[in-house]
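Chemist:
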Amino acid sequence: MKAIVIRKHGGPGVLSYEDVPDPIPEKNHVLIKVNYCAVNHLDIWVRNGIVGKTVTFPHILGCDICGTLMEGFGKFKKGDKIVVYPAFESNVPRVSFGIIGGFGKYQGGYAEIIQVPKRNIIKKPAELSDKEAAAINISYLTAWNMLEKSRCKKGDIILIWGANSGVGSAAILLAKAKGLKVITIASDSDKVKFAKKLGADFVINRNTSDVTSEVLRITDNNGVDAVIDHVGAKTWPTSLEVLKVRGNMIACGTTTGSDATVNIRSFYSKEAQIIGGYLGTRAQLVSLHKFMKQKKIRPVIDSTYDLKDAKKAHQRMEDSSQTGKILLQVSS
Ligand SMILES: NC(=O)c1ccc[n+]([C@@H]2O[C@H](COP(=O)([O-])OP(=O)(O)OC[C@H]3O[C@@H](n4cnc5c(N)ncnc54)[C@H](OP(=O)(O)O)[C@@H]3O)[C@@H](O)[C@H]2O)c1
Numbered sequence: 136m137k138a139i140v141i142r143k144h145g146g147p148g149v150l151s152y153e154d155v156p157d158p159i160p161e162k163n164h165v166l167i168k169v170n171y172c173a174v175n176h177l178d179i180w181v182r183n184g185i186v187g188k189t190v191t192f193p194h195i196l197g198c199d200i201c202g203t204l205m206e207g208f209g210k211f212k213k214g215d216k217i218v219v220y221p222a223f224e225s226n227v228p229r230v231s232f233g234i235i236g237g238f239g240k241y242q243g244g245y246a247e248i249i250q251v252p253k254r255n256i257i258k259k260p261a262e263l264s265d266k267e268a269a270a271i272n273i274s275y276l277t278a279w280n281m282l283e284k285s286r287c288k289k290g291d292i293i294l295i296w297g298a299n300s301g302v303g304s305a306a307i308l309l310a311k312a313k314g315l316k317v318i319t320i321a322s323d324s325d326k327v328k329f330a331k332k333l334g335a336d337f338v339i340n341r342n343t344s345d346v347t348s349e350v351l352r353i354t355d356n357n358g359v360d361a362v363i364d365h366v367g368a369k370t371w372p373t374s375l376e377v378l379k380v381r382g383n384m385i386a387c388g389t390t391t392g393s394d395a396t397v398n399i400r401s402f403y404s405k406e407a408q409i410i411g412g413y414l415g416t417r418a419q420l421v422s423l424h425k426f427m428k429q430k431k432i433r434p435v436i437d438s439t440y441d442l443k444d445a446k447k448a449h450q451r452m453e454d455s456s457q458t459g460k461i462l463l464q465v466s467s
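When you line the sequence shown up against the working numbering, it's residues 136 to 467, in that order.
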């Protein structure tokens, strides 16, 4: 089969389009013909490498998959369109789970065929195209989980960083559908326009305005009920600063680094909570599918590349040029 393989960590140049042997399924696993695989920031972390995390080379990236079953089992038939719930049991102490195609034992979906545990198979929602169904198993599920953890109710106000990102754009769409008021952050006029189109109530251009003063102005100095922070070190101080009394900050990412300096006194004196968000459960993915169907939400796709052009797709994400999800088409 054709696959994008990495044989060492590094920049987009380490992504190599090659012929590799088809996987042979282990017990309780099933083979899937991959139709689309979305690109996620995790793919860049794994490609670059993170100190203390390992993959076995050659490794195949890709965790966000819509495909076709190559054999039937249980209620599923050969040829059924499915999506893959991306998490598997972790053997790393104090880590909730591993992610398929990420760090850990599973090869990912930048390949024509992939094997995954049977219990990770979920029927593809009929109302979504294959491409759309591949776009939601990581960013949208994480955003959904974070919104649930925020405990925000209809009418509450939430700050969502990075409107153009996978997680940010998903969180805006889902938060609006839940009846929340959304303040979001963008870094240029096109991304501001994109955020408004998604339905955000207030969009702050972080390159022309001070985020803290703008959020406090919008909220009459009260702050926000919750913050969705996937950006990390550079945004944590602001996220905590703009939380209202007993507000919740939900953090899932470290795009700008994982060592933040925060004002502890300001944090405890408002009795804030910092909550970690890590993907979500299989049951949450099923409930997300239902919610998106009920609210007629379609994931926002930025662009689609052929599998062999994965380097270009990675470059687009690293340049932060995307508005929404970047997809790889593996087969039609
Ligand atoms: N814990 C989990 O389960 C989980 C799941 C999914 C993702 N994540 C993590 O969440 C993060 C986002 O993932 P993604 O796939 O959505 O990434 P992405 O699409 O590449 O988005 C990155 C975002 O970060 C923003 N950003 C970069 N530097 C910034 C700064 N200095 N200040 C404010 N915003 C900044 C960018 O905004 P501009 O373009 O405006 O610069 C862009 O919106 C990644 O770190 C990823 O690993 C974690």
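Note that the Cβ used here is the ideal one computed from N, Cα and C, for glycine as well.
Note down the Cα distance separating residue 354 from residue 389, rounded to an integer number of angstroms.
Modeler: Near 27 Å, if we compare the C-alpha coordinates of residue 389 and residue 354.
Chemist: What residue range is occupied by the uninterrupted alpha helix (DSSP H) comprising residue 265?
Modeler: It spans 265-269 - the alpha helix (DSSP H) in which residue 265 sits, taken as one unbroken run.
Chemist: Put residue 164 into one of helix, strand or coil per three-state DSSP.
Modeler: Here residue 164 sits in strand by DSSP.
Chemist: Could you pull the start and end residues of the alpha helix (DSSP H) that residue 372 belongs to?
Modeler: From DSSP, the alpha helix (DSSP H) with residue 372 extends over 371-376.
Chemist: For residue 384, is the beta carbon positioned less than 7 Å from some heavy atom of ligand 1?
Modeler: Residue 384 Cβ: outside cutoff for every heavy atom of ligand 1.
Chemist: In whole angstroms, give me the CA-to-CA distance for residue 235 and residue 352.
Modeler: So the alpha carbons of these two residues sit roughly 43 Å apart.
Chemist: Between the C-alpha atoms of residue 206 and residue 423, what's the straight-line distance to the nearest angstrom?
Modeler: When rounded, the distance between both Cα atoms is 26 Å.
Chemist: What are the complete beta strand (DSSP E) segments, minimum 3 residues, inside the segment 226-274?
Modeler: Entirely contained in the segment 226-274, the beta strand (DSSP E) runs reaching 3 residues are, in chain order, 232-234, 248-252 and 256-258.
Chemist: Could you give the residue range of the beta strand (DSSP E) that holds residue 408?
Modeler: Start and end: 408-411.
Chemist: Is any heavy atom of ligand 1 found at a distance shorter than 7 Å from the C-beta of residue 321?
Modeler: It does: the Cβ of residue 321 is within 7 Å (strictly closer) of some heavy atom of ligand 1.
Chemist: Below 8 Å between beta carbons: does that hold for residue 183 and residue 144?
Modeler: Yes, these two residues count as a Cβ contact at 8 Å.
Chemist: From what residue to what residue does the alpha helix (DSSP H) around residue 339 run?
Modeler: Counting along the chain, residue 339 falls outside any alpha helix (DSSP H), though it belongs to the beta strand (DSSP E) covering 337-340.
Chemist: Using the rule of at least 16 other Cβ atoms within 10 Å of the residue's Cβ for burial, across every protein chain shown, is residue 332 buried or exposed?
Modeler: With fewer than 16 Cβ atoms within 10 Å of its Cβ, residue 332 is classed as exposed.
Chemist: Closest to residue 219 by CA distance: which of 268, 231 and 178 is it?
Modeler: The shortest C-alpha separation from residue 219 is found at 268.
Chemist: For residue 464, list the residues DSSP reports as bridge partners.
Modeler: Looking at the DSSP assignment, residue 464 forms a beta bridge with 171 and 441.
Chemist: Let me make sure I understand the geometry here. Which of 326, 319, 296 and 251 has the alpha-carbon closest to that of residue 368?
Modeler: Closest by alpha carbon: 296.
Chemist: Please tell me whether residue 248 and residue 167 are closer than 8 Å, where the distance is taken between their beta carbons.
Modeler: Contact: yes.
Chemist: Do you know offhand how far residue 194's Cα is from residue 335's?
Modeler: Spanning the two alpha carbons is a distance of roughly 39 Å.
Chemist: So which of 151, 246 and 224 has the shortest CA-CA distance to residue 239?
Modeler: The shortest C-alpha separation from residue 239 is found at 224.
Chemist: Just grab the DSSP bridge partners of residue 194 for me.
Modeler: For residue 194, which the question treats as bridged, DSSP gives the partners 141.
Chemist: To the nearest angstrom, report how far apart residue 346 and residue 358 are at their CA atoms.
Modeler: Rounded to the nearest angstrom, the two C-alpha atoms are 12 Å apart.
Chemist: Start and end of the alpha helix (DSSP H) containing residue 181?
Modeler: Per DSSP, residue 181 belongs to the alpha helix (DSSP H) from 176-183.
Chemist: Please identify the residue among 375, 430 and 199 whose C-alpha is closest to the C-alpha of residue 301.
Modeler: Among 375, 430 and 199, the Cα nearest to that of residue 301 is on 199.
Chemist: Looking only at its chain, what residues have a beta carbon closer than 6 Å to the beta carbon of residue 330, apart from the 5 residues adjacent to it on each side?
Modeler: 298, 319, 321 and 338.
Chemist: By a C-beta neighbour count over all protein chains shown, 10 Å radius and 16 as the cutoff for buried, is residue 459 buried or exposed?
Modeler: The residue is buried, with at least 16 neighbouring Cβ atoms inside 10 Å.
Chemist: Can you name the start and end residues of the beta strand (DSSP E) that residue 222 belongs to?
Modeler: Per DSSP, residue 222 belongs to the beta strand (DSSP E) from 222-224.
Chemist: Tell me whether the beta-carbon of residue 442 lies closer than 8 Å to the beta-carbon of residue 463.
Modeler: Their beta carbons are under 8 Å apart, which means residue 442 touches residue 463 by this criterion.
Chemist: Which residue from 455, 431 and 437 puts its Cα closest to that of residue 263?
Modeler: Measuring from the Cα of residue 263, the nearest candidate turns out to be 431.
Chemist: Using a Cβ distance threshold of 8 Å, determine whether the segment 403-423 contacts the segment 439-454, with at least three qualifying pairs required.
Modeler: The answer is no - the segment 439-454 does not touch the segment 403-423, with fewer than three Cβ pairs under 8 Å.
Chemist: So, helix, strand or coil for residue 356, using DSSP?
Modeler: Three-state DSSP puts residue 356 in coil, outside helix and strand.
Chemist: Compare the Cα-Cα distances from residue 178 to each of 467, 449 and 465 and report the closest residue.
Modeler: Of 467, 449 and 465, the residue nearest in Cα terms is 449.
Chemist: Which runs of the beta strand (DSSP E) fall wholly inside the segment 279-337 and span at least 3 residues, in chain order?
Modeler: Within the segment 279-337, the complete beta strand (DSSP E) runs of at least 3 residues are 292-295 and 316-321.
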